[in-house]
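Trainee: In my numbering, the protein residues as written are 221 to 753. Got a structure here, written out as structure tokens. Questions coming.
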């Protein structure tokens, strides 16, 4: 019996012990009564915190700092003094920064990335309401978080919040900013001159496309502040029910208005066309696959889309060259810009979802008349080899030739059933001509992805609305116009009429460009005009 009592006593003590150990420890509090003593104590606390700071992981008041090295550098140069408060009171420019980060959504950014809630909480409770004493720990933490918020926001506004290759959030190292930009010195100057907002705004991209997107975001948020809508998930078999939901969806997005003329069906047709016009879709008044997909997008989807396009402008900004080629993948469009003037605009075909066209910057130095197409190994074994195993006449019909490892054309029959994706010692090459998949012109530019721009043997595809169907290369509708533009300043070595003569010859020829032209392949799903539409 004694053993039982002892066991029960042991369990009780253990439970109490576990309970006590699991209870959160009270946070330390240091209260200072006299305002004139606050600054000195805050400096001591900042010095203490930064002396043990780990640049890889530094946590203040439960929030992780993203710019620890910059924060340490800034305070060290300022003798670890408080920067945003004086005698326990947040200074005017401190409120300015707090207001900016609380409204970071106006920049297409997220307020919580800049400790907005934590700083608000610390500032509100930094003074004990009963004793009127200052909680210097909270004051020092708010100061550090404000400094980190400034540096993080500055980097995000200047160069982006996400890693542009992986689209994941990642701290961008300081030397990736504008050349010569010293953020600690910039903050020091902004504080001394009380110009926090001006400095933040000066770090934004200056190009008109970014500024229009920013204004459009603000306009959209105001216009639909009290409006929301659900996406149309499915097309219902009951037309009246679906039409009712469709009408409400179009009313919410300001595409359907009761005061429009006509019957209910005519009004609905007009509303659909208004929606299609706004989204640059074919204005046929039908709920086809593409229109229905657009109707599935929610209000937040539109906001995220504008924000993402603002982010892309932070990555790239506008080219500084006098002339350049601008490819916008989701718009299926290539533009040639010269002296801020649109010289050529052409429809294009881009990579399919499984084989997307990569984002890149390069330079076009030459083009090729009547190119061969050497089929990439991956395409050869995944797409063509299965066909050859069923139909050996495919090569002849598609004008292909087979090369061995020494690039010698093979004329003897091949048993394709012997080969697979792991063993394929051949090259497949399509002969030159109008039936070549690359067409009759190929524009080369160096890149690690092995993509290029070219004509096509199937030009009817340019009439399609959705043109994401290539293996990653860009097919160009106005390939002749583009080639003529590239050689227009080299009449001595290659007169413009030489191009048409060479095309008639049907022989392969390399044409080197006198003035190589930069090419930018980008992905902007939103473009806003001067009317913010």
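All C-beta atoms, glycine included, are put in the ideal place defined by N, C-alpha and C.
Suppose the cutoff is 8 Å on Cβ atoms and the five residues either side in sequence are ignored; what does the same chain contact list for residue 345 look like?
Mentor: In the chain shown, residue 345 corresponds to position 125, counting from 1. For residue 345, where only same-chain residues beyond five positions count, the Cβ hits under 8 Å are 355, 358.
Trainee: Buried or exposed: which applies to residue 554, given that a residue is buried once 16 or more other Cβ atoms fall within 10 Å of its Cβ?
Mentor: Along the chain shown, one-based indexing puts residue 554 at 334. Counting Cβ neighbours within 10 Å, residue 554 comes out buried, since at least 16 surround it.
Trainee: Which word fits residue 434, buried or exposed, when buried means at least 16 other C-beta atoms lie within 10 angstroms of its C-beta?
Mentor: Residue numbering aside, residue 434 sits at position 214 when the chain shown is read from its first letter. Per the 10 Å Cβ criterion, buried.
Trainee: For residue 328 and residue 745, what's the separation of their Cα atoms in angstroms?
Mentor: Counting from one through the chain shown, the residue named residue 328 turns up at place 108. Counting from one through the chain shown, the residue named residue 745 turns up at place 525. Each residue's alpha carbon lies about 15 Å from the other.
Trainee: Within the continuous beta strand (DSSP E) that includes residue 198, where are the two ends?
Mentor: Only positions 221 to 753 of the chain appear in the structure, and residue 198 is not among them; the question remains open.
Trainee: Output needed for residue 676: all residues of its chain with C-beta closer than 6 Å, excluding positions within five of it in sequence on either side, in chain order.
Mentor: In the chain shown, residue 676 corresponds to position 456, counting from 1. Excluding sequence neighbours, residue 676 sits near 659, 695.
Trainee: When you compare only the Cα positions, how much space is there between residue 484 and residue 517?
Mentor: In the chain shown, the residue the question calls residue 484 occupies position 264. In the chain shown, the residue the question calls residue 517 occupies position 297. Taking the straight line from one Cα to the other gives about 24 Å.
Trainee: Can you give me the Cβ contacts of residue 175 inside the same chain, cut-off strictly under 8 Å, excluding the 5 residues immediately before and after it?
Mentor: Residue 175 lies beyond the residue range present for the chain, which begins at 221 and ends at 753; the question has no answer from this structure.
Trainee: Whose C-alpha, out of 304, 335, 309, 314, is nearest the C-alpha of residue 280?
Mentor: Counted from its first residue, the chain shown places residue 280 at position 60. When each option's Cα is compared against that of residue 280, the closest is 335.
Trainee: Leaving aside the five residues before and after residue 605 along the sequence, list all residues of the same chain whose C-beta is less than 8 Å from its C-beta, in chain order.
Mentor: The count along the chain shown starts at 1 and reaches residue 605 at position 385. 636, 639, 640, 641, 644.
Trainee: Here's the rule: buried if 16 or more other CB atoms are within 10 angstroms of the residue's CB, otherwise exposed. What is residue 708?
Mentor: One-based indexing of the chain shown puts residue 708 at position 488. Result: exposed.
Trainee: Using the three-state DSSP reduction, which class does residue 299 fall into: helix, strand or coil?
Mentor: Here residue 299 refers to the residue found at position 79 of the chain shown. Coil.
Trainee: Give the DSSP-derived three-state secondary structure of residue 603 in the structure shown.
Mentor: As a position in the chain shown, residue 603 is number 383, starting the count at 1. Helix, per DSSP.
Trainee: Terminal residues of the continuous alpha helix (DSSP H) containing residue 558?
Mentor: As a working mapping, residue 558 is identified with position 338 in the chain shown. Looking at the DSSP string, residue 558 is not in any alpha helix (DSSP H); the run it does join, the beta strand (DSSP E), is 553-558.
Trainee: Could one say the Cβ of residue 341 lies closer than 8 Å to chain D's Cβ atoms, at least one of them?
Mentor: This model lacks chain D altogether; it includes just one protein chain.
Trainee: Helix, strand or coil: how does DSSP classify residue 361 here?
Mentor: Your numbering for residue 361 matches position 141 in the chain shown. It is helical.
Trainee: On the criterion of 16 or more Cβ atoms from any shown chain inside 10 Å, does residue 731 qualify as buried, or is it exposed?
Mentor: Against the chain shown, residue 731 aligns to sequence position 511. Under this definition residue 731 is a buried residue.
Trainee: Does DSSP classify residue 449 as helix, strand or coil?
Mentor: Within the chain shown, residue 449 is the residue found at index 229, counting from 1. Coil.
Trainee: Which two residues bound the contiguous alpha helix (DSSP H) that contains residue 316?
Mentor: On the chain shown, position 96 is the one that residue 316 refers to. Counting along the chain, the alpha helix (DSSP H) containing residue 316 begins and ends at 312-322.
Trainee: Tell me which residue opens and which closes the alpha helix (DSSP H) that residue 465 is part of.
Mentor: Working through the chain shown from its first residue, we reach residue 465 at position 245. Segment 459-472, the alpha helix (DSSP H) holding residue 465.
Trainee: Using DSSP's beta-bridge definition, name the partner residues of residue 688.
Mentor: Position 468 of the chain shown, counted from the start, is the residue given in the question as residue 688. Partner(s): 570.
Trainee: Whose C-beta lies closer than 7 Å to the C-beta of residue 514 among residues of the same chain, with five residues either side of it excluded?
Mentor: As a first step, residue 514 must be located in the chain shown, where it is residue number 294. Cβ neighbours of residue 514 beyond the five flanking positions: 499, 501.
Trainee: Please report the straight-line C-alpha distance between residue 602 and residue 278, rounded to a whole angstrom.
Mentor: On the chain shown, residue 602 is found 382 positions in, with the first residue counted as 1. On the chain shown, residue 278 is found 58 positions in, with the first residue counted as 1. So the alpha carbons of these two residues sit roughly 49 Å apart.
Trainee: Looking only at its chain, what residues have a beta carbon closer than 6 Å to the beta carbon of residue 669, apart from the 5 residues adjacent to it on each side?
Mentor: Locating residue 669 in the chain shown gives position 449, where the first residue counts as 1. 578, listed in sequence order.
Trainee: With H, G and I counted as helix, E and B as strand and the rest as coil, what does DSSP make of residue 649?
Mentor: As a first step, residue 649 must be located in the chain shown, where it is residue number 429. Strand, per DSSP.
Trainee: Ignoring anything shorter than 4 residues or poking outside the stretch 477-535, list the alpha helix (DSSP H) runs there in chain order.
Mentor: With a minimum length of 4 residues, the continuous alpha helix (DSSP H) runs that stay inside the stretch 477-535 are 484-498, 509-515.
Trainee: Rounded to whole angstroms, what's the CA-CA distance from residue 347 to residue 493? Just pull it up for me.
Mentor: Locating residue 347 in the chain shown gives position 127, counting from the first residue. Locating residue 493 in the chain shown gives position 273, counting from the first residue. Each residue's alpha carbon lies about 59 Å from the other.
Trainee: Could you tell me the alpha carbon to alpha carbon distance between residue 402 and residue 428, rounded to whole angstroms?
Mentor: Stepping through the chain shown from its first residue, residue 402 is reached at position 182. Stepping through the chain shown from its first residue, residue 428 is reached at position 208. Taking the straight line from one Cα to the other gives about 26 Å.
Trainee: For residue 241, which residues of its own chain have a beta-carbon under 7 Å away from its beta-carbon, when the five flanking residues on both sides are left out?
Mentor: Looking up residue 241 in the chain shown gives position 21. Because the pLDDT of residue 241 is 49, which lies under 50, any placement of that residue in the model is unreliable, and the question is left without a value.
Trainee: Out of curiosity, what's the CA-to-CA distance linking residue 371 and residue 442?
Mentor: Within the chain shown, residue 371 is the residue found at index 151, counting from 1. Within the chain shown, residue 442 is the residue found at index 222, counting from 1. Spanning the two alpha carbons is a distance of roughly 29 Å.
Trainee: Do you know how far the Cα of residue 375 is from the Cα of residue 394?
Mentor: As a first step, residue 394 is located in the chain shown; it is residue number 174 there, counting from the start. As a first step, residue 375 is located in the chain shown; it is residue number 155 there, counting from the start. Low local confidence applies: a pLDDT of 39 at residue 394 is under 50, so the model's placement there is unreliable, with the coordinate-based value given in what follows. Residue 394 and residue 375: Cα-Cα distance of roughly 7 Å.
Trainee: Can you tell which of 287, 254, 339 has the C-alpha that lies nearest to the C-alpha of residue 351?
Mentor: On the chain shown, residue 351 is found 131 positions in, with the first residue counted as 1. Considering only alpha carbons, the answer is 254.
Trainee: Three-state secondary structure (DSSP) at residue 640?
Mentor: On the chain shown, position 420 is the one that residue 640 refers to. Reduced to three states, the DSSP call for residue 640 is strand.
Trainee: Buried or exposed: which applies to residue 315, given that a residue is buried once 16 or more other Cβ atoms fall within 10 Å of its Cβ?
Mentor: The residue given as residue 315 occupies position 95 in the chain shown. Label assigned to residue 315: exposed.
Trainee: Determine the direct distance from the alpha carbon of residue 739 to that of residue 367, and round the result to whole angstroms.
Mentor: As a working note, residue 367 is residue 147 in the chain shown. As a working note, residue 739 is residue 519 in the chain shown. Taking the straight line joining both Cα atoms gives about 39 Å.
Trainee: Closest to residue 540 by CA distance: which of 549, 560, 724 is it?
Mentor: Counting from 1 along the chain shown, the entry for residue 540 is found at position 320. The option with the nearest alpha carbon to residue 540 is 560.
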